[in-house]
Amino acid sequence: MHEISYWREDFPVALAPRESVLPERVDVAIIGGGLTGLATGLYLAQRSVSVAILEQEIIGWGASTRNAGMALIGLKLPPEQLVRRYGRAQARQFHRASLEALAFAEQLIQRENISCDFQRCGELCAAYRPSHFKALQASQKFLREEFDHPTELVPPADMPREVGSHFYHGGLRDAMSASLHPAKLVAGLAQAAQRAGVSIYERTRVEHCQRLASNHVLHTSRGLLQAQEIVAATNGYTPGMLPALRRRVIPVGSYILVTEPLGAALAQELIPQNRMIFDSKNFLFYFRRTPDDRLLFGGRTSFTPVTNAAAAAMLASDMRAVFPQLQQTKIAYAWHGNVAFTFDQMPHVGRLEGIHYATGYCGHGVIMSLYLGHCLARLLCGEACDTPFAQLAFPAYFFYRERPWFLPLAGAYFKMVDRFS
């Protein structure tokens, strides 16, 4: 079993040429070389802004190549909660922004000629319990009446057309969502950014940011860099040297395994319509077919750190509970990545203590990172960007600094809810 992202091993992300010497100054320094940083840098460079991306590992090292490649619409908060919290008008703005994010991602991929296996295959939320199917029925009605958004219920009797399993009790299907290859997306976006003039520095750790009267000085493992503006594009890997942001972003581990090749027939049996599938639990499972007919199966196995091997053993047991036909199937890859959660479970874009940011995608970052990275770049250029996420207050609480000590308690609560819901 390889303890590395299947996506990155399937398609290594290569840069050419590799930058080695930092310039003395740039207009904008971006900390983090994932999708957010690349999308921000690309737009800025296309507007003749000098940009340096500083990545402490290699490009796309974090969640950008550790995710499932699910380009899903919607937000972490269900539509009903959005309306209760923000009111009908603002909730509709948030929902519309999630649709715009997917449309923007698709247009960006096409415009920059990025070959990343993008396909509008749709998503399915599978009901973990019969009571959850009733909740999905209510959600379908709510989406139609409040947001004019079409979805389709899948009755329990019709689930074999969607999932080769008796584990679930119906589902809710949305045809808009898509699938893609994360490493190919990162590689294509990085190449587009370099073509536009972005300088990318890998293995470059930012140790300290010093704010001066007219600019900033970044102290890095390669030396000093002056910048007019700094963008933090670090999300679930936000370091302690960005304390204002770190207090607002909660890294939550998500774990994924990928099987050995199954063959076209078995892969088709498991997920006949090739949709992106996730279930209705809080400790959810999510799964999909890969382009070479493996099964990718992920979940939040624990809110406390565990090894990849331990997580893989738990996930493999879960996978075989959902798909008993995989009892003898070998696990080829297992890895984990950090998802950036926020206290209000909403994405945010803005500025804190002189640092610009786009963060907090709460598990919906594949397309939201591209969209909000683009929005952030427009704001930096002084352009209008009508995103509702820029208007949100970004909450922080006194009891959280850097270590999310409360996650095990939250995990125990959500497991209890899943058991008795």
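Those letters in the sequence shown? Residues 1 to 421, per my numbering, in order.
Glycine included, C-beta positions come from ideal geometry on N, C-alpha and C.
- Proximity to Leu15 across Ser48, Arg25, Ile59, Ile53 peaks at Ile59, based on C-alpha coordinates.
- In the three-state reduction of the DSSP assignment, Arg211 falls in the strand class, which pools E and B.
- Comparing C-alpha distances from Arg294 to each of Phe285, Asn274, Arg300, Lys281 shows the shortest one belongs to Asn274.
- Closest in alpha carbon position to Arg120, among Ala89, Ser139, Arg173, Gln81, is Arg173.
- Taking a C-beta distance under 8 Å as the contact criterion, His181 and Cys125 do not qualify as a contact pair.
- The C-beta distance from Ala105 to Gly373 rounds to 11 Å, too long to fall under 8 Å, and the pair is not in contact.
- Annotation for Trp7: no beta strand (DSSP E) segment contains it, though the alpha helix (DSSP H) segment containing it runs 6-10.
- Secondary structure note for Tyr357: its beta strand (DSSP E) is the uninterrupted segment 355-359.
- In chain order, Leu22, Pro23, Glu24, Arg25, Val26, Ala29, Ala52, Leu54, Val217, Leu218 place their CB closer than 8 Å to the CB of Leu225, counting only its own chain and leaving out the 5 sequence neighbours on each side.
- Between the stretch 231-240 and the stretch 353-364, the count of Cβ pairs shorter than 8 Å is three or higher; the stretches touch.
- Comparing alpha carbon positions, the residue from Ala127, Ser165, Tyr371 closest to Ile73 is Tyr371.
- Secondary structure within the stretch 185-260: the alpha helix (DSSP H) runs of 4 or more consecutive residues, fully enclosed, are 243-246 (chain order).
- The stretch 76-89 makes contact with the stretch 337-350: 3 or more CB pairs, one atom from each, lie closer than 8 Å.
- With distances taken between CA atoms, Leu44 lies nearest to Val198 out of Lys141, Val198, Gln140.
- One alpha carbon belongs to Cys385, the other to Arg129, and they sit about 41 Å apart.
- Nearest to Ala377 by C-alpha distance, out of Gly41, Lys76, Met1, is Gly41.
- Secondary structure at Glu123: strand, using DSSP grouped into helix, strand and coil.
- Nearest C-alpha to Leu270 among Ala340, Phe323, Arg96, Met70: Phe323.
- At a cut-off of 4 residues, the continuous stretches assigned as alpha helix (DSSP H) that sit fully inside the stretch 107-186 are 130-147.
- Cβ contact annotation for Arg205 (same chain, cutoff 7 Å, sequence separation greater than five): Gln56, Thr220, Ser221, in chain order.
- Counting the other Cβ atoms within 10 Å of the Cβ of Tyr397 gives fewer than 16, which makes it exposed.
- The stretch 141-150 makes no contact with the stretch 251-258: fewer than 3 CB pairs, one atom from each, lie closer than 8 Å.
- Rounded to whole angstroms, Arg92 and Met1 show a C-alpha spacing of 45 Å.
- Phe341 is bridged by DSSP to Ile250.
- DSSP, reduced to helix, strand and coil, places Leu42 within a helical segment of the structure shown.
- Rounded to whole angstroms, the separation of the alpha carbons of Cys375 and Ala183 is 23 Å.
- Counting along the chain, no beta strand (DSSP E) covers Ala63, and no H or E run does either.
- For the stretch 257-310, the continuous beta strand (DSSP E) assignments of 3+ residues that do not extend past its boundaries occur at 276-279, 285-289, 295-299, in sequence order.
- Here Gly37 has Ile30, Ile53, Ala233 as same chain residues with Cβ atoms under 6 Å from its own Cβ, once five neighbours each way along the sequence are excluded.
- At the C-beta level, Ser177 and Ala71 come within 8 Å of one another.
- In the three-state DSSP reduction, Ala396 falls in the coil class, being neither helix nor strand.
- Between the alpha carbons of Ala89 and Pro78 lies a distance of about 15 Å.
- The beta carbon of Leu185 is closer than 6 Å to those of Cys116 in its chain, skipping five residues each way along the sequence.
- Of the residues Gly236, Ala68, Gly87, Ile367, the one whose Cα lies closest to the Cα of Phe341 is Gly236.
- For the pair Gly33 and Glu162, the CB atoms are not nearer than the 8 Å cut-off.
- If you look at Ile367, you'll find it in the alpha helix (DSSP H) that goes 365-380.
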